[in-house]
Each structure stands twice: as structure tokens, then as C-alpha cells.
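Trainee:
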Amino acid sequence: MTKLLVSVTNAEEALQAVEAGADIIDLKNPLEGALGALPLSVIEGAVLAVDGRRITSATIGDLPMDPDLVLEAVKAVAACGVDIVKVGFFGTASQHQECIAALKPVVRQHNVSIVAVLMADMSPDFEIVQTLRQAGFFGVMLDTARKDGRHLLNHMSLCQLQDFLESAHGLQTGLAGSLKMENIEQLKKLKPSYIGVRGAVCESFNRVAKLSKAQVSALKFVLHNNNTPAENADLV
Numbered sequence: 023m024t025k026l027l028v029s030v031t032n033a034e035e036a037l038q039a040v041e042a043g044a045d046i047i048d049l050k051n052p053l054e055g056a057l058g059a060l061p062l063s064v065i066e067g068a069v070l071a072v073d074g075r076r077i078t079s080a081t082i083g084d085l086p087m088d089p090d091l092v093l094e095a096v097k098a099v100a101a102c103g104v105d106i107v108k109v110g111f112f113g114t115a116s117q118h119q120e121c122i123a124a125l126k127p128v129v130r131q132h133n134v135s136i137v138a139v140l141m142a143d144m145s146p147d148f149e150i151v152q153t154l155r156q157a158g159f160f161g162v163m164l165d166t167a168r169k170d171g172r173h174l175l176n177h178m179s180l181c182q183l184q185d186f187l188e189s190a191h192g193l194q195t196g197l198a199g200s201l202k203m204e205n206i207e208q209l210k211k212l213k214p215s216y217i218g219v220r221g222a223v224c225e226s227f228n229r230v231a232k233l234s235k236a237q238v239s240a241l242k243f244v245l246h247n248n249n250t251p252a253e254n255a256d257l258v
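For the working numbering, add 22 to where a residue sits in the sequence shown, where the first one is 1.
(1) From the DSSP secondary-structure annotation, give me the bridge partner or partners of Met-141.
(2) Going along the chain, which residues of its own chain have a beta-carbon closer than 7 Å to the beta-carbon of Val-69, five neighbours each way excluded?
(3) Is DSSP giving Cys-121 helix, strand or coil here?
(4) With a Cβ-Cβ cutoff of 9 Å, do Leu-180 and Leu-164 count as a contact?
(5) By the DSSP assignment, the alpha helix (DSSP H) with Gly-67 in it spans what residues?
(6) Could you tell me the alpha carbon to alpha carbon distance between Leu-257 and Val-30, rounded to whole angstroms?
(7) Taking only the alpha-carbon atoms, compute the straight-line gap between Val-139 and Phe-160 and give it to the nearest angstrom.
(8) Looking only at its chain, what residues have a beta carbon closer than 8 Å to the beta carbon of Asn-205, apart from the 5 residues adjacent to it on each side?
(9) Could you check the C-alpha separation between Pro-52 and Gln-156 for me, to the nearest Å?
(10) Give me the Cα-Cα distance between Leu-209 and Ala-240, rounded to the nearest whole angstrom.
(11) Compute the Euclidean distance between the alpha carbons of Phe-111 and Met-141, then round it to the nearest angstrom.
(12) Rounded to whole angstroms, what is the Cα-Cα separation between Ala-42 and Leu-154?
(13) Pick out the complete alpha helix (DSSP H) segments inside the segment 203-229, 4 residues or longer, and give them in chain order.
(14) Could you give the distance in angstroms between the alpha-carbon of Ile-21 and the alpha-carbon of Arg-130?
(15) Report back the beta-carbon spacing between Ile-47 and Val-40 to the nearest angstrom; my notes put them in contact at under 8 Å.
(16) For the beta strand (DSSP E) containing Val-96, name the first residue and the last one.
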């Protein structure tokens, strides 16, 4: 069963995504990069609007891999009431290890669900997944850092994506990165926990344009069309 994650920029778009059938409402600012952060007040407002009807997530921004900076951002976003906090891994292997170590106490002591976002266009090392698992991270996903017209499958083959998903067994897994409608059927066969989109569900397929409720509905149909009745029941 693969769920649909839709990135939204405010409470209004969050409600549209809920009504159109998105399974996960993801809060981020596409004007500020791949994982641009929204103001905390906007995140709080969207969480209140969703009112527990869907899983919510939010990004902390395209931050440098400074452990103190990342830790404070995670705490601030978690305090907004989201179910999941997404952290982009943009640095070196050693910086990544330092940030994971800094976040480990938050995960263990405060039960914050963190998803690490690895960048498919920055030569990610999948060996980090074992460290994320040991630290208690909730999940790991692939996205693209550069929004230059290329998508996830321009950077990784289906075999490489399958290897990533197998390495992350036991964690929630996500695939994203400027995905188009035609990519969804291919990726669904790999059975990630969820597939994430923004541009594919916006007007003119422009990630910085307004959300299109009709396109969210259409994408949900494509993604869930081949689910069994039991799987679709789990999505309600």
C-alpha cells in the first residue's frame, strides 16, 4: 500500500488536499528551495485546519548541516503539532553523522518522528540508512535538491531505487523529486510507503503555483487504482 503525500503551502491548500484525498499533508515552501520552510505560524494554522484527519509533516528548510541549527529547527517545527518532521541531508558524510547524533536524544526522549530526506542528485550513500535506523528515525526518503526540470528517475534507475527501499526495511520510505503523473505507475510497483508530489498537483505543473484540487484527485486515482479493497480501506 503506497500513500500519497502532497506538499502544501498554507491552511487553504491543506484543506484542498484533504478534500481531494491526499493521505499525508506536507507543509513546505517551494519558493525557498527543495525543502523550504514555512513560518511556524503557518504550519500551526495548517495543522489546526487538518484537525487530525490526515497525517501531517513539515520541513525545517534547506539548512546547512550544523547540528545545533538542525536540532533547534526540528524542535521548533515539532512544537507546531505536526506528526512528522522532515530533515534534508545536504552535507558531507561526517556532517550527516553529527546531525544524526544530535537528533538521537530528541527522537528517543521526546518521541519526535523524524524523516531523513536524502538527495538523489547529490550521490547519497545508502549506508547512512542503518545509522538512521539505529538512531530511531521514523523514516527515510529520496528527493532531488535541484529543481531544474529533471526528476527522480533521471538521477536513479528503478534498480537503484529498489536497493534503497530494501536497505530501509523497517522504516517508512518515501520517493519524491519533481515526479510526473507517468512516473507514478512505475514507482508504485516498488512499494514505497508513500510517493510525494508538489509540481504534479499544481496549476500548469509549476511547483510554485497554486495547488490544483482536481490534479490531486487525479493523481490519487492513478496511485490507488490498483490497490486491493483492503489496502484502500486502510487509507480512509
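Every residue, glycine too, gets a C-beta built ideally from N, C-alpha and C. Source: prediction; values computed, not measured.
Mentor: Quick look at the numbers:
(1) Numbered from 1 along the sequence shown, position 119 holds the residue referred to as residue 141. Beta-bridge pairing by DSSP links Met-141 to Asp-165.
(2) Indexing the sequence shown from 1 puts residue 69 at position 47. Excluding five sequence positions before and after Val-69, the CB atoms of its chain that fall closer than 7 Å to its own CB belong to Thr-78, Cys-102, Gly-103 and Val-104, given in chain order.
(3) Here residue 121 refers to the residue found at position 99 when the sequence shown is read from its first residue. In the three-state reduction of the DSSP assignment, Cys-121 falls in the helix class, which pools H, G and I.
(4) In the sequence shown, counting from the first residue as 1, residue 180 sits at position 158. In the sequence shown, counting from the first residue as 1, residue 164 sits at position 142. Against a cut-off of 9 Å, the Cβ pair of Leu-164 and Leu-180 comes out as no contact.
(5) Looking up residue 67 in the sequence shown gives position 45. For Gly-67, the enclosing alpha helix (DSSP H) has its first and last residue at 62-72.
(6) Position 235 of the sequence shown, counted from the start, is the residue given in the question as residue 257. Position 8 of the sequence shown, counted from the start, is the residue given in the question as residue 30. Summary for Leu-257: the model assigns pLDDT 47, below 50, so the residue's position carries little reliability; its value from the coordinates is reported in the next sentence. In this structure, the alpha-carbon of Leu-257 lies about 19 Å from that of Val-30.
(7) The residue you call residue 139 lines up with position 117 of the sequence shown. The residue you call residue 160 lines up with position 138 of the sequence shown. So the two alpha carbons sit approximately 11 Å from each other.
(8) Numbered from 1 along the sequence shown, position 183 holds the residue referred to as residue 205. Counting only Cβ-Cβ distances below 8 Å, and skipping sequence neighbours, we find His-173, Leu-174 and Leu-175.
(9) To locate residue 52, count along the sequence shown from 1; it is residue 30. To locate residue 156, count along the sequence shown from 1; it is residue 134. Distance between the alpha carbons of Pro-52 and Gln-156 is about 31 Å.
(10) Residue mapping note: residue 209 aligns to position 187 of the sequence shown, counting from 1. Residue mapping note: residue 240 aligns to position 218 of the sequence shown, counting from 1. Their backbone Cα atoms lie some 16 Å apart in a straight line.
(11) On the sequence shown, position 89 is the one that residue 111 refers to. On the sequence shown, position 119 is the one that residue 141 refers to. Between Phe-111 and Met-141, the C-alpha separation is close to 7 Å.
(12) As a first step, residue 42 must be located in the sequence shown, where it is residue number 20. As a first step, residue 154 must be located in the sequence shown, where it is residue number 132. Just so you know, the alpha carbons of Ala-42 and Leu-154 end up roughly 33 Å apart.
(13) Runs found: 203-210.
(14) Shown here, the chain extends from 23 to 258; a query on residue 21 therefore has no answer.
(15) The residue given as residue 47 occupies position 25 in the sequence shown. The residue given as residue 40 occupies position 18 in the sequence shown. Confirmed, Cβ separation roughly 7 Å.
(16) Counting from 1 along the sequence shown, the entry for residue 96 is found at position 74. Taken as a continuous stretch (DSSP letters only), Val-96 belongs to no beta strand (DSSP E), being part of the alpha helix (DSSP H) at 89-100.
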